[in-house]
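Student:
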């Protein structure tokens, strides 16, 4: 075994010629140093209204975990197994809490004008995430494999056709809706969630309207 | 003319007010969310430890 002593140390590589180094510096620069998982926050965060964002994330974690267990059991497991029924109910109620927490989070951020201080993209990604979550939940209703999902799909088809997407988004096709529900839309929701959280950590949590913004050191 | 009424059907109870038609269940959920929202604004947030400033952290 030989050891090269003339190789550059990590971080000393020529970034112009290495996409790895450029990607590394891009990732490291996403959030300010120490802000990825801060253990201290500004004093104005000592309010319950600031808790609903992380409650939404927590509920999303339960949604994904219970959905993963349902995927292991298969598309009809929750109709024939008591454990399947329990996990199905866990999935439903974690979604209910997810939306409840997210809407209260939205109300709080709306009334504190959370797009201030260069946080417009944080607000926009949150709104798109809200819409993507609604789409994911609706395809979940279509994936129940029962009379309710048949009824909902029959009611939804005219609306979907009226906006011109029925040719490739067929709510009457339960297999297609199930795959949208467990693959495509969760991927979108997950990616948007990561971007949203990175933006929150990058710009900091918005201060109250009459408080000073620590990220800009001026009154918000 | 819009009148407020509660419509009882086999599928559940609905509040019918002009163009607004909402199930009692959904209305109660929305009301509960508004209550939670107001409580989140007014209930004091318990602090487990004193918030130290950056200056205090530099000077232990």
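Residue numbers (our numbering), protein chains in the order written: chain W, 1 to 220; chain C, 221 to 280. Just so you know, even glycine gets a beta-carbon here, dropped at the ideal spot from N, CA and C.
#1: Note down, in chain order, each residue of its chain lying with its Cβ closer than 8 Å to the Cβ of residue 141 of chain W, except the 5 sequence neighbours on either side.
#2: Under the rule that 16 or more other beta-carbon atoms within 10 Å means buried, what is residue 213 of chain W, buried or exposed?
#3: Of all the CB atoms in chain C, is at least one closer than 9 Å to the CB of residue 51 of chain W?
#4: So which residues of chain C does residue 107 of chain W contact, with C-beta pairs closer than 9 Å?
#5: Within the same chain, show all residues whose beta-carbon is closer than 8 Å to that of residue 258 of chain C, passing over the 5 residues directly before and after it, in chain order.
#6: With a Cβ-Cβ cutoff of 9 Å, do residue 52 of chain W and residue 99 of chain W count as a contact?
#7: How would you write the range of the beta strand (DSSP E) that residue 243 of chain C sits in, first residue to last?
#8: Can you find the residues in the same chain that come closer than 7 Å, C-beta to C-beta, to residue 119 of chain W, ignoring five residues on each side of it along the sequence?
#9: Can you give the Cα-Cα distance for residue 27 of chain W and residue 47 of chain W, rounded to whole angstroms?
#10: Tell me, please, whether the CB atom of residue 231 of chain C is closer than 9 Å to any CB atom in chain W?
#11: The alpha helix (DSSP H) with residue 50 of chain W in it runs from where to where?
#12: Could you tell me whether the Cβ of residue 249 of chain C comes closer than 9 Å to any Cβ of chain W?
#13: When the Cβ atoms of the stretch 29–49 of chain W are set against those of the stretch 245–255 of chain C, are three or more pairs found closer than 8 Å?
#14: At a Cβ threshold of 9 Å, is residue 46 of chain W touching chain C?
#15: Please return the same chain residues whose Cβ sits closer than 7 Å to the Cβ of residue 241 of chain C, not counting the five positions on each side in sequence.
#16: Got a sec: is the Cβ-Cβ distance from residue 200 of chain W to anything in chain C below 9 Å?
#17: Among W:192, W:80, W:49, which residue has its Cα nearest to the Cα of residue 130 of chain W?
#18: Taking the continuous alpha helix (DSSP H) assigned at residue 134 of chain W, which residues delimit it?
#19: Measuring only between beta-carbons, confirm whether residue 100 of chain W sits less than 9 Å from chain C.
#20: Here's a check: name, in chain order, each residue in its chain whose Cβ is nearer than 8 Å to the Cβ of residue 45 of chain W, leaving out the five neighbours to either side.
#21: Go through its chain and collect everything with a Cβ distance to residue 251 of chain C's Cβ below 8 Å, but skip five positions before and after it.
#22: For the candidate residues W:171, W:189, W:62, W:94, whose alpha-carbon lies nearest to that of residue 139 of chain W?
#23: For the stretch 120–129 of chain W against the stretch 193–201 of chain W, are there 3 or more C-beta pairs whose distance is under 8 Å?
#24: So that I know if they touch, is there some Cβ in chain W lying closer than 9 Å to that of residue 244 of chain C?
#25: Is there at least one Cβ from chain C nearer than 9 Å to residue 103 of chain W's Cβ?
#26: Assess, as a yes-or-no matter, whether the stretch 59–67 of chain W is touched by the stretch 83–94 of chain W under the definition of 3 or more beta carbon pairs within less than 8 Å.
#27: Quick check on this structure: which residue in W:156, W:174, W:145 has the alpha carbon closest to the alpha carbon of residue 79 of chain W?
#28: For the alpha helix (DSSP H) holding residue 18 of chain W, just list the boundary residues, first then last.
#29: Quick one: using the 10 Å Cβ neighbour count with 16 as the cut-off for buried, is residue 112 of chain W buried or exposed?
#30: Does residue 194 of chain C have its Cβ less than 9 Å from a Cβ in chain W?
Tutor: Considering the structure as presented:
#1: Start at 1 with the first residue of the first chain, and residue 141 of chain W comes out as number 141. These residues qualify, in order along the chain: 148, 149, 152.
#2: The sequence position of residue 213 of chain W within the first chain is 213, counting from 1. The residue in question, residue 213 of chain W, is buried, as its Cβ has 16 or more Cβ neighbours within 10 Å.
#3: Locating residue 51 of chain W in the first chain gives position 51, where the first residue counts as 1. Closer than 9 Å: yes.
#4: Looking up residue 107 of chain W in the first chain gives position 107. Within chain C, the C-beta atoms nearer than 9 Å to that of residue 107 of chain W come from 253, 254, 257, in chain order.
#5: Stepping through the second chain from its first residue, residue 258 of chain C is reached at position 38. Closer than 8 Å at the Cβ level, and outside the excluded window around residue 258 of chain C, lies no residue.
#6: The sequence position of residue 52 of chain W within the first chain is 52, counting from 1. The sequence position of residue 99 of chain W within the first chain is 99, counting from 1. Cβ distance not < 9 Å, so residue 52 of chain W and residue 99 of chain W don't count as in contact.
#7: Taking the second chain and counting its residues from 1, one reaches residue 243 of chain C at position 23. Note, residue 243 of chain C: beta strand (DSSP E), 240–243.
#8: One-based indexing of the first chain puts residue 119 of chain W at position 119. Closer than 7 Å at the Cβ level, and outside the excluded window around residue 119 of chain W, lie 203, 206.
#9: Walking along the first chain from the start, residue 27 of chain W turns up at place 27. Walking along the first chain from the start, residue 47 of chain W turns up at place 47. Looking at the two C-alpha atoms, the distance is approximately 31 Å.
#10: For the purposes of this step, residue 231 of chain C is identified with residue 11 of the second chain, where counting begins at 1. Chain W contact via Cβ: absent.
#11: Within the first chain, residue 50 of chain W is the residue found at index 50, counting from 1. Looking at the DSSP string, residue 50 of chain W is not in any alpha helix (DSSP H), and its letter there is neither H nor E.
#12: Counting from one through the second chain, the residue named residue 249 of chain C turns up at place 29. So, interface residue.
#13: Taking 8 Å as the limit for Cβ pairs, the verdict is that the stretch 245–255 of chain C does not touch the stretch 29–49 of chain W.
#14: Taking the first chain and counting its residues from 1, the one referred to as residue 46 of chain W is at position 46. Yes, residue 46 of chain W lies at the interface with chain C (some Cβ there is under 9 Å from its Cβ).
#15: On the second chain, residue 241 of chain C is found 21 positions in, with the first residue counted as 1. Within the same chain, residue 241 of chain C has close Cβ partners 234.
#16: In the first chain, the residue the question calls residue 200 of chain W occupies position 200. Interface residue (Cβ-Cβ distance to chain C less than 9 Å): residue 200 of chain W is not classified as such.
#17: Mapped onto the first chain, residue 130 of chain W falls at position 130. Looking at the Cα atoms, W:192 is the closest of the given residues.
#18: Here residue 134 of chain W refers to the residue found at position 134 of the first chain. Run containing residue 134 of chain W: 120–141, per the alpha helix (DSSP H) assignment.
#19: Locating residue 100 of chain W in the first chain gives position 100, counting from the first residue. Residue 100 of chain W counts as touching chain C.
#20: Residue numbering aside, residue 45 of chain W sits at position 45 when the first chain is read from its first letter. Contacts found: 205.
#21: Here residue 251 of chain C corresponds to residue number 31 of the second chain, with the count starting at 1. Once the five neighbours on either side are set aside, residue 251 of chain C has no close Cβ partner at all.
#22: The residue labelled residue 139 of chain W in the question sits at position 139 within the first chain. Of the listed residues, the one whose Cα sits closest to residue 139 of chain W is W:171.
#23: yes
#24: As a working note, residue 244 of chain C is residue 24 in the second chain. No, because no Cβ of chain W sits closer than 9 Å to the Cβ of residue 244 of chain C.
#25: Translated into the one-based positions of the first chain, residue 103 of chain W becomes position 103. Yes, its Cβ sits closer than 9 Å to a Cβ of chain C.
#26: yes
#27: By one-based count along the first chain, residue 79 of chain W stands at place 79. Measuring from the Cα of residue 79 of chain W, the nearest candidate turns out to be W:145.
#28: The count along the first chain starts at 1 and reaches residue 18 of chain W at position 18. Looking at the DSSP string, residue 18 of chain W is not in any alpha helix (DSSP H), and its letter there is neither H nor E.
#29: For this step, residue 112 of chain W is matched to residue 112 along the first chain. Label assigned to residue 112 of chain W: buried.
#30: No answer is possible for residue 194 of chain C: it lies beyond the span of chain C, which begins at 221 and ends at 280.
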